[in-house]
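Read the structure below first, then the notes.
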Amino acid sequence: MNTILTRNIPLITSRLCMGKGFYKRFHATFKRTMDEDQCSGNASHITWERFSDHHTQYTNRFSAIEKDVSALGGMSEALVRLGGKVDKLEDKVDKLEGKIHTEFKTLGAKIEKHNGMMVVAWCMLLVPLAMVCGKIGYDWYEDQSRKIFFFFFTSRISSKSKKKKRKKKKKKGFY
Numbered sequence: 000m001n002t003i004l005t006r007n008i009p010l011i012t013s014r015l016c017m018g019k020g021f022y023k024r025f026h027a028t029f030k031r032t033m034d035e036d037q038c039s040g041n042a043s044h045i046t047w048e049r050f051s052d053h054h055t056q057y058t059n060r061f062s063a064i065e066k067d068v069s070a071l072g073g074m075s076e077a078l079v080r081l082g083g084k085v086d087k088l089e090d091k092v093d094k095l096e097g098k099i100h101t102e103f104k105t106l107g108a109k110i111e112k113h114n115g116m117m118v119v120a121w122c123m124l125l126v127p128l129a130m131v132c133g134k135i136g137y138d139w140y141e142d143q144s145r146k147i148f149f150f151f152f153t154s155r156i157s158s159k160s161k162k163k164k165r166k167k168k169k170k171k172g173f174y
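And the structure:
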């Protein structure tokens, strides 16, 4: 890779595509650092060692950027995998939501059935209770009417017999 970079410095790989401004800025800073070296009072011109140092710095920066980009690529792949897992989880949540909805429908139907059964049960309890209460009430009424009838009838009979007894007593002259 170093041989490619030494022959062709502004190289674009398939993994790394730099913006247009990057090359201009890089060449401007590279040129400026070389100019500063020339104007620093050192009369020597650019030597192969200096060029090699600058080139090494450039390749180091470029490889660091390339590593960062490959790390970002790995992160993006991880994000894609996470997105797939999230989609699967959303599908599971949708299925569970459907199950919960059907369970609530079933529960609602069971509650309505229970309420209907309670109405039937109350009717089944109230009808015999009403019949028993009616029978008790009817028997009580019959007993009372007999008592009244017998009381009325016996009181007439007893009052007539008392009157007869009084008349008999008067005749005997006890008074």
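The sequence shown begins at 0 in numbering that gives the first Met the number 0 and counts up by one.
Each residue gets a CB set at the ideal place from its N, CA and C atoms; glycine is no exception.
For clarity, every value in this text was computed on a predicted model and none was experimentally measured.
1. Quick check on DSSP: helix, strand or coil for residue 105?
2. In whole angstroms, what is the alpha-carbon distance linking residue 42 and residue 55?
3. Can you tell me whether residue 115 is helix, strand or coil according to DSSP?
4. Can you give me the C-alpha to C-alpha distance between residue 103 and residue 119, rounded to a whole angstrom?
5. Taking only three categories from DSSP, how would you classify residue 42?
Taking the geometry as given:
1. helix
2. At residue 42, the pLDDT of 46 sits below 50, so the modelled position is not reliable and the matter cannot be decided from this model.
3. helix
4. 24 Å
5. Unreliable placement is indicated for residue 42, whose pLDDT of 46 sits below 50; no coordinate value is reported for it.
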